[in-house]
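One structure is given here, and the rest of the page talks about it.
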(Lines of atoms letter the chains of each structure in order from A and count residues from 1; the text may use other names and numbers.)
(Lines give C-alpha, C1' and ligand atoms only; values in the text may rest on other atoms or scores of the structure.)
Protein backbone atom coordinates (compact mmCIF):
# COMPACT_ATOMS: atom_id res chain seq x y z
CA UNK A 1 0.00 0.00 0.00
CA UNK A 2 1.38 3.36 -1.03
CA UNK A 3 1.76 6.23 1.43
CA UNK A 4 2.03 8.82 -1.34
CA UNK A 5 -0.99 11.14 -0.83
CA UNK A 6 -1.57 11.47 -4.58
CA UNK A 7 -1.91 7.70 -4.90
CA UNK A 8 -4.19 7.06 -1.93
CA UNK A 9 -7.75 6.46 -3.08
CA UNK A 10 -10.17 8.96 -1.62
CA UNK A 11 -13.53 7.67 -0.57
CA UNK A 12 -16.57 9.84 -1.24
CA UNK A 13 -17.98 11.40 1.90
CA UNK A 14 -21.41 10.37 3.07
CA UNK A 15 -23.66 13.05 4.50
CA UNK A 16 -25.71 11.62 7.33
CA UNK A 17 -27.26 14.77 8.75
CA UNK A 18 -28.98 16.29 5.70
CA UNK A 19 -27.27 19.66 6.19
CA UNK A 20 -25.41 19.36 2.89
CA UNK A 21 -28.55 20.42 1.01
CA UNK A 22 -29.63 23.19 3.41
CA UNK A 23 -30.02 26.59 1.72
CA UNK A 24 -30.78 29.50 4.00
CA UNK A 25 -30.09 32.41 1.64
CA UNK A 26 -32.56 34.70 -0.07
CA UNK A 27 -32.52 36.20 -3.53
CA UNK A 28 -34.62 38.64 -5.52
CA UNK A 29 -35.73 40.85 -2.65
CA UNK A 30 -37.45 38.11 -0.66
CA UNK A 31 -39.18 39.62 2.32
CA UNK A 32 -38.24 38.48 5.81
CA UNK A 33 -40.69 38.01 8.67
CA UNK A 34 -42.36 41.15 9.99
CA UNK A 35 -39.73 41.43 12.71
CA UNK A 36 -36.12 40.34 12.98
CA UNK A 37 -36.21 40.47 16.76
CA UNK A 38 -35.72 37.26 18.72
CA UNK A 39 -36.27 37.04 22.45
CA UNK A 40 -35.78 40.15 24.55
CA UNK A 41 -34.74 43.36 22.79
CA UNK A 42 -31.89 45.08 24.59
CA UNK A 43 -30.39 48.55 24.28
CA UNK A 44 -27.13 50.21 25.29
CA UNK A 45 -27.77 53.52 27.05
CA UNK A 46 -25.85 56.80 27.12
CA UNK A 47 -25.09 55.91 30.76
CA UNK A 48 -23.15 52.82 29.56
CA UNK A 49 -25.68 50.29 30.84
CA UNK A 50 -27.60 47.52 29.10
CA UNK A 51 -31.38 47.65 29.47
CA UNK A 52 -34.36 45.75 28.10
CA UNK A 53 -36.90 47.41 25.82
CA UNK A 54 -39.05 47.88 28.96
CA UNK A 55 -36.25 49.82 30.69
CA UNK A 56 -35.14 47.09 33.11
CA UNK A 57 -31.37 47.11 33.65
CA UNK A 58 -29.57 43.85 32.88
CA UNK A 59 -27.48 42.45 35.74
CA UNK A 60 -23.72 43.00 35.61
CA UNK A 61 -23.22 39.26 36.05
CA UNK A 62 -25.15 38.39 32.86
CA UNK A 63 -22.86 36.93 30.21
CA UNK A 64 -24.12 36.90 26.64
CA UNK A 65 -22.71 35.09 23.62
CA UNK A 66 -23.09 36.61 20.14
CA UNK A 67 -24.45 33.93 17.81
CA UNK A 68 -25.40 35.79 14.62
CA UNK A 69 -25.67 39.15 12.90
CA UNK A 70 -28.43 39.79 10.39
CA UNK A 71 -28.24 42.72 7.99
CA UNK A 72 -31.46 44.03 6.52
CA UNK A 73 -32.91 46.94 4.59
CA UNK A 74 -36.21 48.26 5.92
CA UNK A 75 -38.85 50.34 4.21
CA UNK A 76 -40.91 52.08 6.87
CA UNK A 77 -44.54 52.98 6.23
CA UNK A 78 -46.18 56.32 7.02
CA UNK A 79 -48.72 54.40 9.15
CA UNK A 80 -46.57 53.58 12.19
CA UNK A 81 -48.97 50.83 13.27
CA UNK A 82 -47.78 48.77 10.29
CA UNK A 83 -44.51 46.80 10.35
CA UNK A 84 -41.87 47.89 7.82
CA UNK A 85 -41.12 45.82 4.74
CA UNK A 86 -37.92 43.94 5.63
CA UNK A 87 -35.39 42.69 3.09
CA UNK A 88 -32.54 40.56 4.43
CA UNK A 89 -29.14 41.32 2.87
CA UNK A 90 -27.51 37.99 2.06
CA UNK A 91 -23.98 36.89 2.94
CA UNK A 92 -21.42 38.58 0.71
CA UNK A 93 -23.95 41.14 -0.55
CA UNK A 94 -23.61 44.87 -0.02
CA UNK A 95 -26.26 47.04 1.56
CA UNK A 96 -28.29 48.92 -1.05
CA UNK A 97 -27.75 52.68 -1.35
CA UNK A 98 -30.56 53.99 0.87
CA UNK A 99 -29.67 57.62 0.10
CA UNK A 100 -30.39 56.88 -3.55
CA UNK A 101 -33.54 54.90 -2.73
CA UNK A 102 -34.87 57.65 -0.47
CA UNK A 103 -34.18 60.30 -3.12
CA UNK A 104 -36.18 58.25 -5.63
CA UNK A 105 -39.10 57.68 -3.22
CA UNK A 106 -42.04 60.13 -3.52
CA UNK A 107 -42.32 62.49 -0.53
CA UNK A 108 -45.83 61.12 0.09
CA UNK A 109 -44.17 57.88 1.26
CA UNK A 110 -41.71 59.56 3.63
CA UNK A 111 -42.07 59.01 7.37
CA UNK A 112 -41.66 61.12 10.47
CA UNK A 113 -38.40 60.33 12.27
CA UNK A 114 -37.85 60.27 16.04
CA UNK A 115 -36.75 63.92 15.82
CA UNK A 116 -40.08 64.94 14.25
CA UNK A 117 -38.46 65.61 10.86
CA UNK A 118 -39.64 63.91 7.68
CA UNK A 119 -37.16 61.41 6.25
CA UNK A 120 -37.03 58.81 3.51
CA UNK A 121 -38.54 55.44 4.40
CA UNK A 122 -35.48 53.30 3.55
CA UNK A 123 -33.02 52.37 6.29
CA UNK A 124 -30.21 49.82 6.59
CA UNK A 125 -30.02 47.92 9.85
CA UNK A 126 -27.91 45.36 11.71
CA UNK A 127 -29.42 43.03 14.31
CA UNK A 128 -27.11 41.15 16.66
CA UNK A 129 -28.48 37.93 18.17
CA UNK A 130 -27.20 36.84 21.57
CA UNK A 131 -27.90 34.02 24.00
CA UNK A 132 -27.42 33.78 27.73
CA UNK A 133 -24.22 31.87 28.50
CA UNK A 134 -26.02 30.12 31.38
CA UNK A 135 -26.88 26.73 29.84
CA UNK A 136 -29.79 26.37 32.27
CA UNK A 137 -31.46 29.46 30.77
CA UNK A 138 -30.27 29.94 27.17
CA UNK A 139 -32.49 33.03 26.95
CA UNK A 140 -32.33 34.87 23.61
CA UNK A 141 -31.68 38.58 23.10
CA UNK A 142 -31.62 40.96 20.12
CA UNK A 143 -29.58 44.17 19.90
CA UNK A 144 -29.87 46.81 17.20
CA UNK A 145 -27.35 49.64 17.21
CA UNK A 146 -28.62 53.11 16.42
CA UNK A 147 -29.04 53.66 12.65
CA UNK A 148 -26.11 56.07 12.55
CA UNK A 149 -23.86 53.37 14.04
CA UNK A 150 -25.20 50.79 11.58
CA UNK A 151 -24.19 53.07 8.68
CA UNK A 152 -20.68 53.62 9.97
CA UNK A 153 -17.96 51.43 8.51
CA UNK A 154 -16.00 51.83 11.71
CA UNK A 155 -18.93 51.01 14.00
CA UNK A 156 -17.99 48.88 16.96
CA UNK A 157 -20.31 46.89 19.19
CA UNK A 158 -20.49 48.05 22.81
CA UNK A 159 -18.94 45.69 25.35
CA UNK A 160 -19.37 45.39 29.05
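Residue numbers (our numbering): 192 to 351. Even glycine gets a Cβ: it sits at the ideal position worked out from N, Cα and C. Bear in mind that the values here come from a model prediction, so they are computed numbers and not experimental data.
- The beta carbons of residue 320 and residue 280 sit about 15 Å from each other, so the pair does not count as a contact at 8 Å.
- A distance of 8 Å or more separates the beta carbons of residue 229 and residue 263.
- For residue 294, there is no enclosing beta strand (DSSP E); the residue is found in the alpha helix (DSSP H) stretching over 289 to 295.
- Within the same chain, Cβ atoms closer than 6 Å to the Cβ of residue 267 are found at 275, 302 and 312, the five residues on either side in sequence being excluded.
- Excluding the 5 residues flanking it on each side, residue 248 has same chain C-beta neighbours closer than 6 Å at 240 and 242, in chain order.
- Where residue 277 is concerned, the enclosing beta strand (DSSP E) starts and stops at 276 to 280.
- Taking residue 307 as reference, the option from 232, 269 and 237 with the minimal CA-CA separation is 269.
- The Cβ-Cβ distance between residue 332 and residue 255 falls below 8 Å.
- Excluding five sequence positions before and after residue 310, the CB atoms of its chain that fall closer than 7 Å to its own CB belong to 301, 302 and 304, given in chain order.
- Put simply, the backbone Cα of residue 294 is about 46 Å away from that of residue 328.
- Collapsing the DSSP output to three states places residue 310 in a strand.
- When only Cα atoms are considered, residue 290 and residue 297 end up about 13 Å apart.
- If you ignore the 5 residues before and after residue 232, its C-beta comes within less than 8 Å of the C-beta of 243, 244, 332, 333, 334 and 335, all in its own chain and listed in chain order.
- In the DSSP assignment, residue 323 is bridged to 255.
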